[in-house]
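**Student:** Shown below is the structure under consideration.
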Amino acid sequence: MTTIENVLAARVVQAVKECYGATLAEKDVQLQETRKEFTGDWTVVVFPFTRYSGKSPEATAQELGDYLQQHIAEVEAYNVIKGFLNIVISSTYWIDVLNVVARDTRYGYARERSGRRYMIEYSSPNTNKPLHLGHIRNNLLGWSVSEIQRANGHDVIMVNLVNDRGIHICKSMIAWQKFADGATPERVGKKGDHFVGDYYVRFDKEYKAQVDDRINRGIPEEEAREQAPILLEAREMLRRWEAGDPETIALWRRMNDWVLAGFEETYRLMGVSFDKIYFESETYKKGRDLVLKGLADGVLYRKESGSVWADLTGDGLDHKLLLRDDGTSVYMTQDIGTAYDRFNEFDIDEEIYVVGNEQNYHFQVLSLICKKLGFAWAERIRHLSYGMVELPQGRMKSREGTVVDADDLIAEMINTARATSRELGKLDGYSEEEAEEVYRKVALGALKYFILKVDPKKTMMFNPSESIDFNGNTGPFIQYTYARIRSVERKAGEIGCTARPADPLTPLTGKEREIVKLIARLPAVVAEAGANYSPALLANYAYDLAKEFNQFYHDYPILKEEAEAIRNTRLLLATQCGVAIRNAAGMLGIEMPERM
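Converting from the sequence shown to the numbering used here requires adding 4 to each position, the first position being numbered 1.
Spelled out as structure tokens, the structure:
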């Protein structure tokens, strides 16, 4: 709550006590922002107090309004609408807020460290295909949540767990051996992740052809699927890999390096990074000892076949496999070991896994098993579950090559930004290099905003053409508003006008008050976005502020205002509006062009 909200709540408690003899707590006071169709800044819900006053809601509101106006200097006026008391806060208060905000060089960011440390894992790609649209949402969400937590004063460690082992990796390797004829990404002029991904698709095509051929020869479908020669080759390659066969390992390293180099280029283009990268090939065995200890302690059990399981039926779940018959680890075992190492190495208060909602069960089980193994940190595991990204034509399928590659999508966005900007003539007079930099910022801003403005828990439909619109609830609209503000500041500088602290006696229009109130809300929105792990709250805040400023810009002169005090206040208001937009959008990874 802002300072004035605290003052109002405390004074309402005092008013009810003095007027009606009832003792309340501040939490009993219902305060909300006044609806736009009514005059006021804050509204007190009076209905709960009629039980103490014994009077009608209107009469009770009238008495409380009189009391607040007499006892709070900032209360300029009030009005009563049925059982609601609308409080008007003075322009002097809002100008003071504006001046205080203007002195904060990192407005919206916590001034003090919280002492808490978060580890946030995101991206987690497989090294058998390029990053796609689903990965874009994961990466943008993970990076933005990390930045928001930092803005709230927390220490954050951003990590990536690369899934670089398993049968899916061997499928690409086998297909490359059989069909590539020694080709390399350099030789064919293709990014390494796209190059390897092509062979993953090629494997699936060959596998399906072999299955169909065997079914046509009378072999039962299940047997045809399980005994397809190319699948047996991939399984044998996985066996050789796990046995440490030098030739297999060398091929694996070579193809992994191709993919990782491609990933790095895509990460750079998206503007995301990591403090530490883990590799499944290095971590998948670590949980085995912990599981065996749990077995020895009687927490887990072994089947006659030799596999080790956790009985979770008492917790409303099922039985979970942790070690296979041959003693090898599964994903859950790996995650147990990795979590153990992370909590012990970094002394983190919370580990947040940014993973799609199809893995809800996995992380529920991970926390539960770690708790059964006696780890106190098990309850500090959090799954940031987000919905899938869909396209107008339906869901994507990697094996069939129908995914939207991240690189291709970003390139398409840049091309669209270029075409739209040229059509609107927004960058006339720019050098080609300057224009291309703006196209990039607009394209990435459009993509990031469109992805992040949606509540993470919701499935979303991505439409590239809608995201790049310069009007409406889009990233380019917010960027254009910021560029408009910077243009006002440059013109002000040309005429020797710079924003100074505003005169407290300067009157404010209703629109100006609304903008100051919105600017003042930024720290609270940052805190709420951090508590809820939701960049969407900040995205929609930035849009609301940009929309309010554009309406103000259209209705009121700034530099052409004749009254010096008003002109200065409006220039300061514009400047701080730009700061709030830039900082809020910056926590989403959106860059603000200086000119558009």
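Glycine residues also receive a C-beta, built at the ideal position from the N, C-alpha and C atoms.
1) In chain order, what residues of the same chain lie with their CB nearer than 7 Å to the CB of A26, ignoring the 5 residues before and after it?
2) Pairs of beta-carbons, one from the stretch 366 to 373 and one from the stretch 303 to 320, closer than 8 Å: are there three or more?
3) Could you give the DSSP three-state label for D315: helix, strand or coil?
4) Given a threshold of 16 other Cβ atoms within 10 Å of its Cβ, counted over all protein chains shown, does H323 qualify as buried or as exposed?
5) Go through its chain and collect everything with a Cβ distance to F42's Cβ below 7 Å, but skip five positions before and after it.
6) In the DSSP output, which residue or residues are listed as bridge partners for I91?
7) Along the chain, which unbroken stretches of the alpha helix (DSSP H) at least 4 residues long are found entirely within the stretch 230 to 270?
8) Would the beta-carbon of F367 be found less than 7 Å away from any heavy atom of the ligand COA?
9) Straight-line CA distance for E9 to E151?
10) To the nearest angstrom, report how far apart L325 and K195 are at their CA atoms.
11) Using 8 Å as the threshold, is the C-beta distance between Q34 and V49 below it?
12) Where D168 and V529 are concerned, what is the direct C-alpha to C-alpha distance, given to the nearest angstrom?
13) Tell me the rounded alpha-carbon separation between E438 and L431.
14) Let me confirm a value: R614 is counted as buried when at least 16 other C-beta atoms fall within 10 Å, else exposed. Which label applies?
15) For the alpha helix (DSSP H) containing M336, list its first residue and its last residue.
16) So, using beta-carbon positions, are F347 and W262 closer together than 8 Å?
17) Determine, using beta carbons only, whether I124 and G146 come nearer to each other than 8 Å.
18) Go ahead and pull the three-state DSSP assignment for K324.
19) Rounded to whole angstroms, what's the CA-CA distance from A81 to S127? Just pull it up for me.
20) Rounded to a whole number of angstroms, what is the C-alpha to C-alpha distance between D353 and E565?
21) Taking the beta strand (DSSP E) that M162 belongs to, which residues open and close that run?
22) Going by DSSP in three states, K280 sits in which element: helix, strand or coil?
23) For E37, report the span of its beta strand (DSSP E) as first-last.
24) For G360, write down the residues that DSSP places opposite it in a beta bridge.
25) Thinking C-beta only, is W98 closer than 8 Å to L509?
26) Below 8 Å on the Cβ atoms is my guess for L549 versus L137; work out the distance and round it to an integer in Å.
27) Who does H136 pair with in a DSSP beta bridge?
28) When DSSP labels each residue in this structure, what does M591 get in the three-state scheme?
29) Could you give the DSSP three-state label for I385: helix, strand or coil?
30) Can you name, in chain order, every residue of its own chain whose Cβ lies under 7 Å from the Cβ of N83, other than the five neighbours on each side?
31) Strictly by DSSP, which residues pair up with I499?
32) Evaluate the contact criterion for the stretch 227 to 242 versus the stretch 280 to 300: three or more CB pairs, one atom per stretch, below 8 Å.
33) Closest by CA to V163, which one among Y365, V149, Q363?
34) Quick check on the DSSP output: the beta strand (DSSP E) that includes E125 runs from which residue to which?
35) Suppose you measure from the CA of A533 to the CA of R328; what does that come to, to the nearest Å?
**Tutor:** With the given structure in hand:
1) V20, Y56
2) yes
3) strand
4) The residue is exposed, with fewer than 16 neighbouring Cβ atoms inside 10 Å.
5) I85, N90
6) W46, Y82
7) Every alpha helix (DSSP H) stretch that sits fully inside the stretch 230 to 270 and reaches 4 residues is listed by chain position as 233 to 246.
8) This structure simply doesn't include the ligand COA, nor any ligand for that matter.
9) 28 Å
10) Straight-line spacing of the CA atoms in L325 and K195 works out to 38 Å.
11) yes
12) 38 Å
13) 9 Å
14) Because the chain in this structure spans residues 5 to 600, residue 614 falls outside the shown range and cannot be described.
15) 335 to 350
16) no
17) yes
18) strand
19) 53 Å
20) 53 Å
21) 159 to 166
22) DSSP places K280 in strand when its eight states are reduced to three.
23) 35 to 37
24) Y390
25) no
26) Contact doesn't hold; Cβ gap of about 28 Å is too wide.
27) In DSSP, H136 forms a bridge with D409.
28) coil
29) strand
30) These residues qualify, in order along the chain: T43, G44, N90.
31) Answer is none; I499 lacks a bridge partner.
32) no
33) V149
34) 121 to 125
35) Going from the Cα of A533 to the Cα of R328 covers about 41 Å.
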